[in-house]
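Undergrad: Each residue of the sequence shown is one higher than the one before, starting from 4 at the first, in this note's numbering. Where is the CB? At the ideal position from N, CA and C, for every residue including glycine. After the structure tokens below, expect a handful of questions from me.
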Amino acid sequence: MDYSYDPTNIFARILRGEIPNRTVLETEHALAFEDIHPQAPVHVLVIPKGPYVSLDHFLRDAGAEEQLGFWAAVSEVCGRLDLEAGARFIANSRDHAHQEVPHYHLHILGGRPLGPMLVR
Ligand code: AMP
């Protein structure tokens with residue numbers, strides 16, 4: 004698997020403070036911010052601060068502290084959002100999943116019924 008990381012991607016630029024974001028939570032290991040084109044009333048992205056292109060890359064190469072820190076941030080964000088009625092967690096990886104930004108991000112979606120998981 005080619006996990007080479009492009010440091011010019013837009014989320015890398017957000018992490019460097021080069022472009023603004025609507026931050027929900029920032030920790031040592033993760034940043035959570037609102038998606039710029041929300042697909043649901045709740046649509047937050049959580050990204051690790053390290054240079055990982057996808058969830059599978061993150062799981063393979065991130066250290067235990069980074070991984071625990073990332074998932075702790077996800078948990079904290081979930082507690083701040085209204086997800087009582089349900090949520091969907093999505094991590095698109097590479098072309099078949101239509102990943103647009105090559106920095107691992109976990110979508111958290113909710114706030115309305117979200118329909119079936121996949122549309123053919
Ligand atoms: P994906 O297709 O899984 O790579 O999703 C990329 C997501 O990033 C899309 O939902 C975009 O709306 C979102 N996005 C792109 N640029 C920004 C930005 N500058 N701030 C917040 N969200 C963004």
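Which residue comes first and which comes last in the beta strand (DSSP E) that contains R91?
TA: In the sequence shown, counting from the first residue as 1, residue 91 sits at position 88. From DSSP, the beta strand (DSSP E) with R91 extends over 90-93.
Undergrad: Look at the Cβ atom of G89, then the Cβ atom of G113, and state whether they are nearer than 8 Å.
TA: Stepping through the sequence shown from its first residue, residue 89 is reached at position 86. Stepping through the sequence shown from its first residue, residue 113 is reached at position 110. Cβ atoms of G89 and G113: closer than 8 Å.
Undergrad: Is DSSP giving H99 helix, strand or coil here?
TA: As a first step, residue 99 must be located in the sequence shown, where it is residue number 96. DSSP places H99 in helix when its eight states are reduced to three.
Undergrad: Measuring CB to CB, does H32 end up less than 8 Å from F73?
TA: Locating residue 32 in the sequence shown gives position 29, counting from the first residue. Locating residue 73 in the sequence shown gives position 70, counting from the first residue. Yes. Within cutoff.
Undergrad: With V80 as the anchor, note down where its alpha helix (DSSP H) starts and where it stops.
TA: Counting from one through the sequence shown, the residue named residue 80 turns up at place 77. Run containing V80: 67-83, per the alpha helix (DSSP H) assignment.
Undergrad: For I50, which residues in the same chain have their Cβ closer than 7 Å to its Cβ, ignoring the five residues on either side in sequence?
TA: Here residue 50 refers to the residue found at position 47 of the sequence shown. Here the set comprises F14, A33, L34, H106, Y107, H108.
Undergrad: Checking the sheet assignment: what are the DSSP bridge partners for I111?
TA: Along the sequence shown, one-based indexing puts residue 111 at 108. DSSP output for I111 lists V47, F92 as bridge partner(s).
Undergrad: Answer yes or no: the CB of Q102 versus the heavy atoms of ligand 1, is any distance below 7 Å?
TA: Locating residue 102 in the sequence shown gives position 99, counting from the first residue. Yes, since a heavy atom of ligand 1 falls inside the 7 Å radius drawn around the Cβ of Q102.
Undergrad: Can you give me the Cβ contacts of I93 inside the same chain, cut-off strictly under 6 Å, excluding the 5 residues immediately before and after it?
TA: For the purposes of this step, residue 93 is taken as the residue at position 90 of the sequence shown. If we look at I93 and ignore the five residues flanking it on each side, its Cβ neighbours are H110.
Undergrad: Under 8 Å by Cβ, that's how I've got Y8 and P54 pegged, so tell me the actual separation to the nearest angstrom.
TA: Counted from its first residue, the sequence shown places residue 8 at position 5. Counted from its first residue, the sequence shown places residue 54 at position 51. 4 Å between Cβ atoms; contact.
Undergrad: Is L62 helix, strand or coil by DSSP?
TA: Position 59 of the sequence shown, counted from the start, is the residue given in the question as residue 62. Here L62 sits in helix by DSSP.
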